[in-house]
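Here the structure is laid out as C-alpha coordinates; the discussion comes afterwards.
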Amino acid sequence: MSVNMFSQRTLQTAMRRLATTRPTSSSLRTITPAAVATGQIRYATAGPHAATVSASIDEGYKVLADQRRHRPVSPHLGIYRPQITWYGSALNRITGCIASGGLYVFGFAYLVAPAMGWHLESASMAAAFAAWPVALQVMAKFLVAWPFTFHSINGLRHLLWDMGSMLTNKQVIVTGWVAVGLSFATALGLTFY
(Lines of atoms letter the chains of each structure in order from A and count residues from 1; the text may use other names and numbers.)
(Lines give C-alpha, C1' and ligand atoms only; values in the text may rest on other atoms or scores of the structure.)
Protein backbone atom coordinates (compact mmCIF):
# COMPACT_ATOMS: atom_id res chain seq x y z
CA MET A 1 0.00 0.00 0.00
CA SER A 2 1.47 3.37 -0.98
CA VAL A 3 2.04 6.13 1.54
CA ASN A 4 -0.49 8.39 -0.15
CA MET A 5 -3.18 5.70 -0.05
CA PHE A 6 -2.38 4.95 3.59
CA SER A 7 -2.67 8.62 4.57
CA GLN A 8 -5.99 8.93 2.72
CA ARG A 9 -7.40 5.90 4.53
CA THR A 10 -6.19 7.22 7.86
CA LEU A 11 -7.84 10.57 7.18
CA GLN A 12 -11.10 8.91 6.12
CA THR A 13 -11.18 6.75 9.24
CA ALA A 14 -10.50 9.73 11.47
CA MET A 15 -13.23 11.78 9.78
CA ARG A 16 -15.75 8.95 10.14
CA ARG A 17 -14.96 8.63 13.85
CA LEU A 18 -15.25 12.37 14.30
CA ALA A 19 -18.60 12.46 12.52
CA THR A 20 -20.08 9.71 14.69
CA THR A 21 -18.89 11.02 18.06
CA ARG A 22 -21.22 13.06 20.22
CA PRO A 23 -20.03 16.65 20.59
CA THR A 24 -19.15 18.05 24.00
CA SER A 25 -20.72 21.17 25.42
CA SER A 26 -17.49 23.13 24.96
CA SER A 27 -17.25 22.26 21.27
CA LEU A 28 -20.84 23.38 20.71
CA ARG A 29 -20.02 26.99 21.57
CA THR A 30 -17.25 27.54 19.03
CA ILE A 31 -17.66 30.51 16.77
CA THR A 32 -15.41 31.22 13.83
CA PRO A 33 -13.97 34.70 13.39
CA ALA A 34 -15.49 34.76 9.90
CA ALA A 35 -18.94 34.31 11.41
CA VAL A 36 -18.35 37.24 13.73
CA ALA A 37 -17.07 39.41 10.87
CA THR A 38 -20.10 38.70 8.67
CA GLY A 39 -22.62 38.86 11.49
CA GLN A 40 -23.84 35.32 10.83
CA ILE A 41 -23.26 34.02 14.33
CA ARG A 42 -25.04 30.86 15.29
CA TYR A 43 -23.96 28.60 18.06
CA ALA A 44 -25.43 25.37 19.31
CA THR A 45 -26.86 25.01 22.77
CA ALA A 46 -26.03 21.98 24.86
CA GLY A 47 -28.60 19.28 25.26
CA PRO A 48 -29.79 16.06 23.67
CA HIS A 49 -31.28 17.93 20.72
CA ALA A 50 -28.92 20.77 19.97
CA ALA A 51 -30.55 23.88 18.58
CA THR A 52 -28.92 26.94 17.14
CA VAL A 53 -29.42 30.33 18.70
CA SER A 54 -28.73 33.59 16.97
CA ALA A 55 -26.40 35.94 18.79
CA SER A 56 -25.55 39.57 18.35
CA ILE A 57 -22.15 40.67 17.17
CA ASP A 58 -21.26 41.85 20.69
CA GLU A 59 -22.15 38.43 22.13
CA GLY A 60 -20.06 36.80 19.42
CA TYR A 61 -17.06 38.94 20.32
CA LYS A 62 -17.51 38.01 23.98
CA VAL A 63 -17.51 34.31 23.10
CA LEU A 64 -14.39 34.77 20.93
CA ALA A 65 -12.64 36.66 23.74
CA ASP A 66 -13.51 33.85 26.15
CA GLN A 67 -12.12 31.28 23.72
CA ARG A 68 -8.88 33.27 23.38
CA ARG A 69 -8.42 33.34 27.16
CA HIS A 70 -8.47 29.53 27.26
CA ARG A 71 -6.01 28.99 24.40
CA PRO A 72 -2.57 27.71 25.33
CA VAL A 73 0.21 30.29 25.23
CA SER A 74 3.18 29.57 23.00
CA PRO A 75 6.45 29.35 24.91
CA HIS A 76 8.77 32.32 24.64
CA LEU A 77 12.03 32.11 22.71
CA GLY A 78 13.90 32.55 25.98
CA ILE A 79 13.30 28.94 26.99
CA TYR A 80 14.92 27.48 23.88
CA ARG A 81 18.62 26.69 23.57
CA PRO A 82 20.15 28.90 20.86
CA GLN A 83 20.86 26.92 17.70
CA ILE A 84 22.74 27.68 14.51
CA THR A 85 19.58 26.98 12.49
CA TRP A 86 17.59 29.92 13.78
CA TYR A 87 20.61 32.21 14.08
CA GLY A 88 21.43 31.41 10.45
CA SER A 89 17.85 32.02 9.37
CA ALA A 90 17.68 35.39 11.13
CA LEU A 91 21.11 36.43 9.85
CA ASN A 92 20.15 35.46 6.31
CA ARG A 93 17.19 37.82 6.42
CA ILE A 94 19.14 40.61 8.13
CA THR A 95 22.12 40.41 5.75
CA GLY A 96 19.77 40.31 2.76
CA CYS A 97 18.10 43.51 3.96
CA ILE A 98 21.48 45.15 4.62
CA ALA A 99 22.93 44.20 1.23
CA SER A 100 19.88 45.11 -0.84
CA GLY A 101 19.02 48.16 1.28
CA GLY A 102 22.56 49.48 0.97
CA LEU A 103 22.43 49.03 -2.79
CA TYR A 104 19.10 50.85 -3.06
CA VAL A 105 20.23 53.72 -0.82
CA PHE A 106 23.48 54.19 -2.72
CA GLY A 107 21.71 53.88 -6.09
CA PHE A 108 19.17 56.53 -5.11
CA ALA A 109 21.90 58.80 -3.73
CA TYR A 110 23.91 58.37 -6.93
CA LEU A 111 20.89 59.38 -9.01
CA VAL A 112 20.10 62.53 -7.02
CA ALA A 113 23.76 63.50 -6.42
CA PRO A 114 24.04 65.92 -9.38
CA ALA A 115 20.90 67.78 -8.33
CA MET A 116 22.02 67.97 -4.69
CA GLY A 117 25.62 68.95 -5.43
CA TRP A 118 27.08 65.74 -3.98
CA HIS A 119 30.20 64.22 -5.48
CA LEU A 120 29.65 60.45 -5.69
CA GLU A 121 31.86 59.87 -8.70
CA SER A 122 34.33 56.99 -8.40
CA ALA A 123 37.38 59.26 -8.26
CA SER A 124 36.03 61.47 -5.47
CA MET A 125 34.81 58.47 -3.46
CA ALA A 126 38.19 56.72 -3.81
CA ALA A 127 40.01 59.88 -2.70
CA ALA A 128 37.71 60.30 0.31
CA PHE A 129 38.13 56.62 1.26
CA ALA A 130 41.93 56.86 0.96
CA ALA A 131 41.92 59.75 3.45
CA TRP A 132 40.38 57.54 6.18
CA PRO A 133 42.61 55.89 8.82
CA VAL A 134 43.64 52.33 7.92
CA ALA A 135 41.67 50.77 10.79
CA LEU A 136 38.49 52.52 9.62
CA GLN A 137 39.12 51.42 6.03
CA VAL A 138 39.50 47.77 7.11
CA MET A 139 36.37 47.93 9.28
CA ALA A 140 34.31 49.57 6.50
CA LYS A 141 35.44 47.00 3.94
CA PHE A 142 34.59 44.11 6.28
CA LEU A 143 31.18 45.60 7.17
CA VAL A 144 30.33 45.81 3.47
CA ALA A 145 31.82 42.42 2.52
CA TRP A 146 30.48 40.20 5.32
CA PRO A 147 26.70 40.66 4.81
CA PHE A 148 27.16 40.06 1.09
CA THR A 149 29.28 36.92 1.55
CA PHE A 150 27.10 35.44 4.30
CA HIS A 151 23.89 36.00 2.35
CA SER A 152 25.44 34.51 -0.80
CA ILE A 153 26.88 31.42 0.89
CA ASN A 154 23.77 30.84 2.98
CA GLY A 155 21.72 31.23 -0.21
CA LEU A 156 23.73 28.39 -1.76
CA ARG A 157 22.95 26.34 1.34
CA HIS A 158 19.25 27.01 0.85
CA LEU A 159 19.54 25.97 -2.80
CA LEU A 160 20.99 22.65 -1.63
CA TRP A 161 17.95 22.22 0.61
CA ASP A 162 15.63 23.07 -2.28
CA MET A 163 17.22 20.21 -4.23
CA GLY A 164 16.44 17.86 -1.32
CA SER A 165 19.96 17.30 -0.05
CA MET A 166 21.70 18.07 3.27
CA LEU A 167 18.43 17.96 5.22
CA THR A 168 19.30 15.82 8.23
CA ASN A 169 19.73 17.62 11.55
CA LYS A 170 23.46 16.95 11.65
CA GLN A 171 23.98 18.14 8.05
CA VAL A 172 21.94 21.30 8.66
CA ILE A 173 24.04 22.14 11.72
CA VAL A 174 27.33 21.39 9.95
CA THR A 175 26.40 23.40 6.85
CA GLY A 176 25.29 26.29 9.08
CA TRP A 177 28.69 26.50 10.74
CA VAL A 178 30.43 26.01 7.38
CA ALA A 179 28.43 28.95 5.99
CA VAL A 180 29.46 31.13 8.95
CA GLY A 181 33.12 30.14 8.66
CA LEU A 182 33.28 30.51 4.90
CA SER A 183 31.54 33.87 5.01
CA PHE A 184 34.03 35.24 7.56
CA ALA A 185 37.01 33.84 5.61
CA THR A 186 35.70 35.20 2.32
CA ALA A 187 34.88 38.60 3.84
CA LEU A 188 38.36 38.82 5.33
CA GLY A 189 39.82 37.86 1.95
CA LEU A 190 37.84 40.61 0.26
CA THR A 191 38.79 43.06 3.02
CA PHE A 192 42.53 42.56 2.68
CA TYR A 193 42.66 41.96 -1.08
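First residue of the sequence shown: 1, per my numbering; consecutive thereafter. Just so you know, even glycine gets a beta-carbon here, dropped at the ideal spot from N, CA and C. From a predicted model like this one, the values you see are computed outputs, not experimental measurements.
(1) If the criterion is Cβ atoms closer than 7 Å, does the pair I153 and L182 meet it?
(2) Please list the terminal residues of the continuous alpha helix (DSSP H) segment that includes R157.
(3) Let's see if you can read the secondary structure: which residues bound the alpha helix (DSSP H) around A165?
(4) Counting Cβ pairs, one atom from each stretch, are 3 or more of them under 8 Å apart for the segment 86 to 103 and the segment 143 to 159?
(5) Is A131 near T191, with beta carbons less than 7 Å apart?
(6) From the DSSP output, in three-state form, read off Q83 for me.
(7) If I'm right that M166 touches V172 with Cβ under 8 Å, what's the distance once you round it to whole angstroms?
(8) Could you tell me the alpha carbon to alpha carbon distance between A126 and G96, rounded to whole angstroms?
(9) DSSP three-state call for V73: helix, strand or coil?
(10) Using the rule of at least 16 other Cβ atoms within 10 Å of the residue's Cβ for burial, across every protein chain shown, is T10 buried or exposed?
(11) Since I believe W177 is in contact with I84 (beta carbons under 8 Å), could you give me their beta-carbon distance rounded to a whole number of angstroms?
(12) Which residues bound the alpha helix (DSSP H) around P187?
(13) What's the call for R71, buried or exposed, on a 16-neighbour Cβ count within 10 Å?
(14) Would you check if the distance between the CB atom of T168 and the CB atom of R157 is smaller than 7 Å?
(15) What three-state label does DSSP hand G101 in the structure shown?
In short:
(1) Walking along the sequence shown from the start, residue 153 turns up at place 153. Walking along the sequence shown from the start, residue 182 turns up at place 182. Yes; because the gap between Cβ atoms is below 7 Å, this pair is in contact.
(2) Start at 1 with the first residue of the sequence shown, and residue 157 comes out as number 157. Segment V134 to D162, the alpha helix (DSSP H) holding R157.
(3) The residue labelled residue 165 in the question sits at position 165 within the sequence shown. First, the amino acid is wrong: residue 165 is Ser here, not Ala. S165 -> no alpha helix (DSSP H), and no H or E assigned at all.
(4) yes
(5) Locating residue 131 in the sequence shown gives position 131, where the first residue counts as 1. Locating residue 191 in the sequence shown gives position 191, where the first residue counts as 1. Contact flag unset, no.
(6) In the sequence shown, the residue the question calls residue 83 occupies position 83. If DSSP states are grouped into helix, strand and coil, Q83 belongs with coil.
(7) Start at 1 with the first residue of the sequence shown, and residue 166 comes out as number 166. Start at 1 with the first residue of the sequence shown, and residue 172 comes out as number 172. 7 Å between Cβ atoms; contact.
(8) Here the question's residue 126 lines up with position 126 in the sequence shown. Here the question's residue 96 lines up with position 96 in the sequence shown. Their backbone Cα atoms lie some 26 Å apart in a straight line.
(9) Position 73 of the sequence shown holds residue 73. Coil at V73, not helix or strand.
(10) On the sequence shown, position 10 is the one that residue 10 refers to. Classification of T10: exposed, given that the 10 Å Cβ count is below 16.
(11) Locating residue 84 in the sequence shown gives position 84, counting from the first residue. Locating residue 177 in the sequence shown gives position 177, counting from the first residue. Rounded, the Cβ-Cβ distance is 6 Å, consistent with contact.
(12) Working through the sequence shown from its first residue, we reach residue 187 at position 187. Per the sequence shown, the amino acid found at residue 187 is Ala instead of Pro. That run of the alpha helix (DSSP H) goes N169 to F192.
(13) Residue mapping note: residue 71 aligns to position 71 of the sequence shown, counting from 1. Its Cβ having fewer than 16 others within 10 Å, R71 is exposed.
(14) Locating residue 168 in the sequence shown gives position 168, where the first residue counts as 1. Locating residue 157 in the sequence shown gives position 157, where the first residue counts as 1. For T168 and R157, no; Cβs fall outside 7 Å.
(15) For the purposes of this step, residue 101 is taken as residue 101 along the sequence shown, with counting starting at 1. Residue state, collapsed to three classes: helix.
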